[in-house]
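This report concerns only the one structure given below.
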Amino acid sequence: MPMITKNIALILLFFISGNVVAVQGYVTITEPWIRSAPPNAPMLGAFMNLKNNSDKEIKLVKVHAEGFKRIEMHRTINSEGMMMMVKQEYIPIPAHELVELKPGSWHIMMINPDSVPIEGSSVMINLLFDDGSTQMVHAAVKSSKMMMHNHDTMQMNKQ
Amino acid sequence: MSKKIIILIIAIVAIAFSVYYFKFIDKNYQDIAKNLKVSHLIYNPDKILSSFSLIDHNGNNFNNESLKGEWTLLVFIYTHCPDVCPTELMNISLVNSKIRKNNPSLVPNVVAITFDPLRDTPEVLKTFVTHYDADFVGVSGDQNQIDQLVKDFGAYYERVVNGENGVVIVQNYEPLPSGALENGYLINHTAWIYLINPDGQIYAGFPTPHKPNDMAEDIKILIDSY
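Just so you know, the sequences run in chain order A and B.
According to my numbering, the first sequence holds residues 101 to 259 in order.
According to my numbering, the second sequence holds residues 13 to 238 in order.
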């Protein structure tokens, strides 16, 4: 298929489907989720798995989503018992490795939401990588990664 | 009986009592500690909390007496915390669910005291903490009194304030720089969960990372053996 036809097809697909569309890029994003929070929470945490399928390190350099004052990348660090939230200019994903954004670790901080999304809804998040690629994902809002609604099920899993 | 014999008897009784106290009473705590999975037994019967008078999220006075009569899980949080504090509150909710399932009479009260009363008013705390469990109680009030309690618990926090040229670390005893509220600030902090006994004293502590199942089992041991 000629390049131009392929590009037109991609653009049409983008507008028609509104779903996850990767524009170039070697990063596979899986299990994007946002932790459900109280209705007055000023901060939300977004988490996901970022798999770098290339031979070179790729950095996540910017994150965007509608309806938030600001979005930053942070890393929770336990420094001799002190829990610190350290702002990151980027999140590095080493070649052929998977970086897990999760509570207590790397995460995307979504600051001052217009309204806190409720459990069961989803939020569209755009990610920009330093190789110029962008990806859009739908992050599901849930109370934990394992999508527990009752505590019994949580206890079935080993800690 | 001669004086000497009386003195001898008193001495023997005193020695026997000391041996009993230091060997057997102390051994009791050692026995308890042996069975604990994740708790730190930090109980000191001579230590009482500083006198405090704060306000809970229903607008009621919250003071030293409020921690007496029942067991309490106590944690320091702040609502602008994106990661650690929500995890702690969720884990405490899981702990209580587990205890409630097996030993409903042992479920402790839960109190979350804010590091950040400037932004975390009682009203803000009520909406926030009850999201995790309707029975949780948020506590706000005078910063100085909260800071004294933080000290009593061996906890620690510092503010990370957004500035023009990046962030500035502000110690908890330093005043907030102007513009901090508008520009926003995070708080670095210790993240222990504490178990308070019915006499209102710090009894045990659980450092992060918290394991709800293990904590629930430990709490049962701690309460049963008190």
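Virtual Cβ for every residue (Gly too), placed ideally from N, Cα, C.
Asked: Interface flag, residue 96 of chain B vs chain A, CB-CB below 7 Å; Found: yes
Asked: Beta-ladder partner(s) of residue 65 of chain B, from DSSP; Found: B:75
Asked: Candidates B:214, B:221, B:238, B:178: closest to residue 84 of chain B by CA position; Found: B:214
Asked: Contact list for residue 136 of chain B against chain A, beta-carbon separation under 9 Å; Found: 140
Asked: Cβ of residue 118 of chain B within 7 Å of any chain A Cβ; Found: no
Asked: Neighbour list for residue 207 of chain A in chain B, Cβ cutoff strictly below 9 Å; Found: 94, 95
Asked: Residue interval of the alpha helix (DSSP H) (run including residue 187 of chain A); Found: Residue 187 of chain A -> not in any alpha helix (DSSP H); beta strand (DSSP E) instead, spanning 182-188.
Asked: Span separating the alpha-carbon of residue 102 of chain A from that of residue 108 of chain A; Found: 10 Å
Asked: Residue range of the beta strand (DSSP E) that includes residue 128 of chain A; Found: 127-135
Asked: Spatial distance of residue 221 of chain B from residue 72 of chain B (CA atoms); Found: 32 Å
Asked: Chain B within 7 Å of residue 246 of chain A, Cβ atoms only; Found: no
Asked: Simplified DSSP state of residue 16 of chain B, which is helix, strand or coil; Found: helix
Asked: Beta-carbon proximity list for residue 106 of chain B, same chain, < 6 Å, skipping 5 on both sides; Found: 224
Asked: Minimum Cβ-Cβ distance from residue 165 of chain B to chain A less than 7 Å; Found: no
Asked: Residue 157 of chain A versus residue 232 of chain A: straight-line alpha-carbon distance, rounded; Found: 13 Å
Asked: Residue 221 of chain B: contacting residues in chain A (beta-carbon distance under 8 Å); Found: 204
Asked: Bridge partners - residue 120 of chain B, DSSP secondary structure assignment; Found: According to DSSP, which records beta bridges pairwise, residue 120 of chain B is partnered with nothing at all.
Asked: Contacting residues, own chain, Cβ-Cβ under 7 Å from residue 123 of chain A (five flanking each side not counted); Found: In this prediction, residue 123 of chain A scores a pLDDT of 48, lower than 50, which makes its location untrustworthy; the coordinate-derived value is nonetheless stated afterwards. 233, 234, listed in sequence order.
Asked: 8 Å Cβ cut-off: residues of chain A touching residue 179 of chain B; Found: 187
Asked: Segments assigned alpha helix (DSSP H), at least 4 residues, entirely inside the segment 191-234 of chain B; Found: 192-195
Asked: Residue 100 of chain B to residue 154 of chain A span [Cα, whole Å]; Found: 37 Å
Asked: N- and C-terminal bounds of the alpha helix (DSSP H) containing residue 140 of chain B; Found: 134-144
Asked: Check whether residue 203 of chain A and residue 95 of chain B have beta carbons under 7 Å apart; Found: yes
Asked: Close-in-space but distant-in-sequence residues of the same chain around residue 213 of chain A (CB under 7 Å, 5 per side omitted); Found: 144, 167, 168
Asked: Residue nearest to residue 179 of chain A in terms of C-alpha spacing, selected from B:168, B:121, B:153; Found: B:168
Asked: Inter-residue spacing [alpha-carbon to alpha-carbon] between residue 194 of chain A and residue 152 of chain A; Found: 7 Å
Asked: Within-7 Å CB hit, residue 148 of chain A to chain B; Found: no
Asked: Proximal residues to residue 55 of chain B (C-beta, below 6 Å), its chain only, five neighbours per side dropped; Found: 215
Asked: Sufficient close CB pairs (3 or more, under 8 Å) joining the segment 161-179 of chain B to the segment 73-81 of chain B; Found: no
Asked: Partners in chain A for residue 140 of chain B, counting only beta-carbon separations shorter than 8 Å; Found: 138, 140, 141
Asked: Whole-Å CB distance - residue 174 of chain A paired with residue 182 of chain A, under 8 Å assumed; Found: That pair is no contact at about 15 Å.
Asked: Proximity of residue 124 of chain B and residue 182 of chain B at Cβ, strictly below 7 Å; Found: no
Asked: Proximity of residue 162 of chain B and residue 197 of chain B at Cβ, strictly below 7 Å; Found: no
Asked: Whole-Å CB distance - residue 199 of chain B paired with residue 90 of chain B, under 8 Å assumed; Found: 5 Å
Asked: Run of the beta strand (DSSP E) containing residue 152 of chain B, from where it starts to where it stops; Found: 149-152
Asked: Beta-carbon gap between residue 69 of chain B and residue 130 of chain B smaller than 7 Å; Found: no
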